[in-house]
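2 protein chains.
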Amino acid sequence: MSAGQHAYEWPRPAVTVDCVVFGFGAAGLSVLLIQRGEAPFEGSWALPGGFVREDEGLDEAARRELGEETGLTLSFLEQLYSFGAPQRDPRGRVITVAFYALVQELAQPPLLATGDAAEAQWFQETELPSLAFDHAEIVSVARTRLKGKVRWQPIGFDLLPEHFTLSELQRLYEVVLERELDKRNFRRKVLSLEILEETDELQRGTGRPARLYRFDKAAYARAEAEGFVFEL
Amino acid sequence: MSAGQHAYEWPRPAVTVDCVVFGFGAAGLSVLLIQRGEAPFEGSWALPGGFVREDEGLDEAARRELGEETGLTLSFLEQLYSFGAPQRDPRGRVITVAFYALVQELAQPPLLATGDAAEAQWFQETELPSLAFDHAEIVSVARTRLKGKVRWQPIGFDLLPEHFTLSELQRLYEVVLERELDKRNFRRKVLSLEILEETDELQRGTGRPARLYRFDKAAYARAEAEGFVFEL
DNA sequence: TCAAAAGTGTTTCGGGTACACCCATGT
DNA sequence: ACATGGGTGTACCCGAAACACTTTTGA
Numbered sequence: 001m002s003a004g005q006h007a008y009e010w011p012r013p014a015v016t017v018d019c020v021v022f023g024f025g026a027a028g029l030s031v032l033l034i035q036r037g038e039a040p041f042e043g044s045w046a047l048p049g050g051f052v053r054e055d056e057g058l059d060e061a062a063r064r065e066l067g068e069e070t071g072l073t074l075s076f077l078e079q080l081y082s083f084g085a086p087q088r089d090p091r092g093r094v095i096t097v098a099f100y101a102l103v104q105e106l107a108q109p110p111l112l113a114t115g116d117a118a119e120a121q122w123f124q125e126t127e128l129p130s131l132a133f134d135h136a137e138i139v140s141v142a143r144t145r146l147k148g149k150v151r152w153q154p155i156g157f158d159l160l161p162e163h164f165t166l167s168e169l170q171r172l173y174e175v176v177l178e179r180e181l182d183k184r185n186f187r188r189k190v191l192s193l194e195i196l197e198e199t200d201e202l203q204r205g206t207g208r209p210a211r212l213y214r215f216d217k218a219a220y221a222r223a224e225a226e227g228f229v230f231e232l
Numbered sequence: 233m234s235a236g237q238h239a240y241e242w243p244r245p246a247v248t249v250d251c252v253v254f255g256f257g258a259a260g261l262s263v264l265l266i267q268r269g270e271a272p273f274e275g276s277w278a279l280p281g282g283f284v285r286e287d288e289g290l291d292e293a294a295r296r297e298l299g300e301e302t303g304l305t306l307s308f309l310e311q312l313y314s315f316g317a318p319q320r321d322p323r324g325r326v327i328t329v330a331f332y333a334l335v336q337e338l339a340q341p342p343l344l345a346t347g348d349a350a351e352a353q354w355f356q357e358t359e360l361p362s363l364a365f366d367h368a369e370i371v372s373v374a375r376t377r378l379k380g381k382v383r384w385q386p387i388g389f390d391l392l393p394e395h396f397t398l399s400e401l402q403r404l405y406e407v408v409l410e411r412e413l414d415k416r417n418f419r420r421k422v423l424s425l426e427i428l429e430e431t432d433e434l435q436r437g438t439g440r441p442a443r444l445y446r447f448d449k450a451a452y453a454r455a456e457a458e459g460f461v462f463e464l
């Protein structure tokens with residue numbers, strides 16, 4: 001059962017939420033970190049997060065803390081795993097429910113709010129500093145989950161701007177999956193899913209302009225309801 | 233971060249672990265439930281579980297509670313998801329970290345130990361009673377996870393006895409995946425993985441005797457290390 | 001000899017993969 | 001004109017799926 005009769009006689013660990021926020025840009029995949037303003041690990045980089053309040057659900061707490069510390073708008077948030085090794089926090093028993101989240105524009109400069117966060121900053125996944133607590137492990141679990149999930153659910157679009165080129169989408173998948181993909185096969189496969197809508201806009205840069213596409217959420221929802229599985 | 237400087241000023245929810253234990257037998261897939269001996273939900277069926285102690289990890293707590301309440305030997309245990317809706321427990325804020333587990337022999341009669349459990353009993357998944365708290369939802373999440381995971385990891389063997397026939401294995405997959413499988417294709421596929429060892433034993437019953445096989449854990453570990461993916 | 005479950009091959013089809021050249025633009 | 005990235009079609013191969021009869025035992 002969930003609780004005995006004398007619930008209040010039991011030792012009560014503190015419960016926090018921590019969040020691994022991924023962003024994607026020219027430099028590849030990035031993770032948002034905040035610099036701790038207080039002991040322990042003062043000055044160290046850590047995941048944004050904080051205590052769960054008495055009257056809020058876990059997802060709710062994750063969103064609130066993230067909003068307070070960074071002001072970011074999330075396009076995806078999912079519970080990841082709970083970490084509760086007895087000594088993971090030097091101050092005492094702290095169990096954390098970890099989440100991972102995706103943002104569409106890594107551009108938006110993160111704001112600061114609570115006293116806990118001295119600064120917030122994006123780090124490329126290949127250049128992460130050493131992290132407080134067991135946060136390095138949490139990031140690693142999140143990265144693995146993202147890699148596993150991106151092939152079965154259309155969450156890759158939550159890392160791209162509203163309009164994107166097929167080349168951008170392909171590069172995203174190459175970075176997340178850590179392998180190269182064939183251009184022609186990738187495009188054929190993606191378009192055959194019929195969940196992208198072609199816009200009439202072009203993106204200009206060096207070389208031939210590229211067509212911009214949009215993820216058609218409604219078409220995806222319809223297809224999914226009919227038993228369609230994403231898979232890429 | 234995981235905790236602020238004034239950790240002990242924060243409200244502290246109680247933290248429990250709850251466990252969905254699956255067994256497989258002639259009647260199909262079953263779940264182990266215990267009957268609550270105390271309020272709230274006294275007399276109701278619920279998942280085995282209990283409070284996390286100050287000095288133990290989450291997995292450890294799940295194993296301990298399960299051992300205390302049922303005496304079962306688990307062949308597989310994995311963290312499932314954490315449930316923390318503010319009102320999920322009428323006594324106050326209780327966050328539970330749910331696990332799911334598999335046992336090889338559904339035969340072993342579960343023992344009882346703690347005062348919380350008045351009785352323990354296997355229920356077929358198709359005939360579950362209504363459950364205390366949000367445990368019905370937890371079971372549902374566990375069932376979905378099992379269905380999803382059994383195709384990519386060789387956890388099906390954790391639901392079968394040490395030695396089993398290919399027909400038993402097939403029926404297990406049919407039950408878990410909720411669809412029929414072709415006998416010849418299934419056998420070919422399973423044997424082609426080269427992770428089963430043929431024993432020299434036969435299982436007699438009505439009809440032609442069936443060859444018994446064993447899951448070759450070492451062969452699987454070797455293959456996995458070389459990048460082999462299970463998939464069935 | 002009958003009932004019941006075990007065991008066994010071949011063909012077809014679709015999707016995955018490999019692969020090279022032309023196109024549209026900016027400089 | 002050249003450099004840069006965008007865009008396109010075909011052939012092959014392998015694994016998935018469909019499908020029916022023989023074998024071995026107990027009753």
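Those protein sequences? They're chains A and B, same order as listed.
Positions 1 to 232 (our numbering) are the ones given, in order, by the first sequence.
Positions 233 to 464 (our numbering) are the ones given, in order, by the second sequence.
Positions of the beta carbon are idealized from the N, C-alpha and C atoms, including for glycine.
From a predicted model like this one, the values you see are computed outputs, not experimental measurements.
The C-beta distance from B/Ile370 to B/Val252 rounds to 6 angstroms, short enough to fall under 8 angstroms. Residue pairing for A/Thr126: DSSP places it in no beta bridge. Taking a Cβ-Cβ threshold of 7 angstroms, none of the residues of chain B is close to A/Arg143; the smallest such distance is about 18 angstroms.
Using a CB distance cut-off of 7 angstroms, B/Arg411 does not count as an interface residue toward chain A. By the beta-carbon neighbour count (other beta carbons within 10 angstroms, threshold 16), B/Thr358 is exposed. The criterion of a C-beta distance shorter than 7 angstroms is not satisfied by A/Ser30 and A/Asp158. Straight through space, the alpha carbons of B/Phe365 and A/Thr96 are spaced by roughly 22 angstroms. In terms of Cβ geometry, B/His367 and B/Ala278 form a close pair [threshold 7 angstroms].
Residue range Lys415 to Ser424 is occupied by the alpha helix (DSSP H) that includes B/Phe418. Counting along the chain, A/Ala14 sits inside no alpha helix (DSSP H); it lies in the beta strand (DSSP E) bounded by residues Ala14 to Gly25. Under the Cβ distance rule, A/Val97 counts among the residues neighbouring chain B, one pair being separated by less than 7 angstroms.
Each of B/Leu425, B/Tyr445 and B/Phe256 was checked against the Cα of B/Ala453, and the nearest Cα belongs to B/Leu425. Contact check for B/Gly255 against B/Val335 passes: the beta carbons are separated by less than 7 angstroms. In the DSSP assignment, A/Gly50 falls within the beta strand (DSSP E) that extends over Gly49 to Phe51. Within its own chain, the residues whose Cβ lies closer than 8 angstroms to the Cβ of B/Val373, once the five positions on either side in sequence are excluded, are Leu312, Tyr313 and Ala330, listed in chain order. Only Asp287, Glu288, Gly289, Leu290 and Gln311 from the segment 287-312 of chain B bring a Cβ to less than 7 angstroms from some Cβ of chain A. Annotation note: the segment 273-334 of chain B contains the following uninterrupted alpha helix (DSSP H) runs of length 4 or greater, listed N- to C-terminal: 290-302. CA-to-CA, the gap between A/Lys147 and B/Glu430 works out to about 36 angstroms. Among the residues facing chain B, A/Phe157 is not included, as its CB has no counterpart in that chain under 7 angstroms away. Taking all protein chains in view, the Cβ of A/Leu191 is surrounded by fewer than 16 other Cβ atoms within 10 Å, so the residue is classified as exposed.
Using beta-carbon distances, A/Pro90 does not count as an interface residue toward chain B, since no partner is under 7 angstroms. Annotation: Cβ neighbours of B/Ser314 in chain A (cutoff 7 angstroms, chain order): Leu58, Gln79, Ser82 and Val97.
Restricting attention to B/Lys415, B/Arg320 and B/Glu351, the CA atom closest to the CA of B/Glu300 is found in B/Glu351. DSSP, reduced to helix, strand and coil, places B/Gln336 outside both helices and strands of the structure shown, so it counts as coil.
Along the segment 270-284 of chain B, the positions whose C-beta sits under 9 angstroms from a C-beta of chain A are Glu270, Ala271, Pro272, Phe273, Ser276, Ala278, Leu279, Pro280, Gly281, Gly282, Phe283 and Val284, read in chain order.
In this structure B/Gly316 is buried. Its beta-carbon is surrounded by 16 or more other beta-carbon atoms within 10 angstroms. At least one C-beta of chain A is nearer than 7 angstroms to the C-beta of B/Pro318. Distance from A/Pro13 to A/Arg93 at the Cβ level is roughly 4 angstroms; contact confirmed, criterion being Cβ atoms closer than 8 angstroms. When DSSP states are grouped into helix, strand and coil, B/Arg440 belongs to the coil group. Rounded to the nearest angstrom, the Cβ distance from A/Glu201 to A/His163 is 6 angstroms, consistent with a contact under 8 angstroms. When B/Asp287, B/Gly303, B/Gln319 and B/Ala450 are compared, the shortest CA-CA separation from A/Asp55 is found for B/Gln319. Non-local C-beta neighbours of A/Ser130 in its own chain, meaning closer than 8 angstroms and more than five positions away in sequence, comprise Ser44, Trp45 and Ala136, ordered along the chain.
Taking 7 angstroms as the CB threshold, B/Val252 stays off the interface with chain A. Counting C-beta atoms within 10 angstroms of its own C-beta, B/Ala450 has fewer than 16 neighbours from the protein chains shown and is therefore classed as exposed. Within chain A, the residues Arg12, Pro13, Ala14 and Val15 have their CB atoms less than 8 angstroms from the CB of B/Arg244, given in chain order. Under the DSSP definition of a beta bridge, A/Gly28 partners with A/Gly25.
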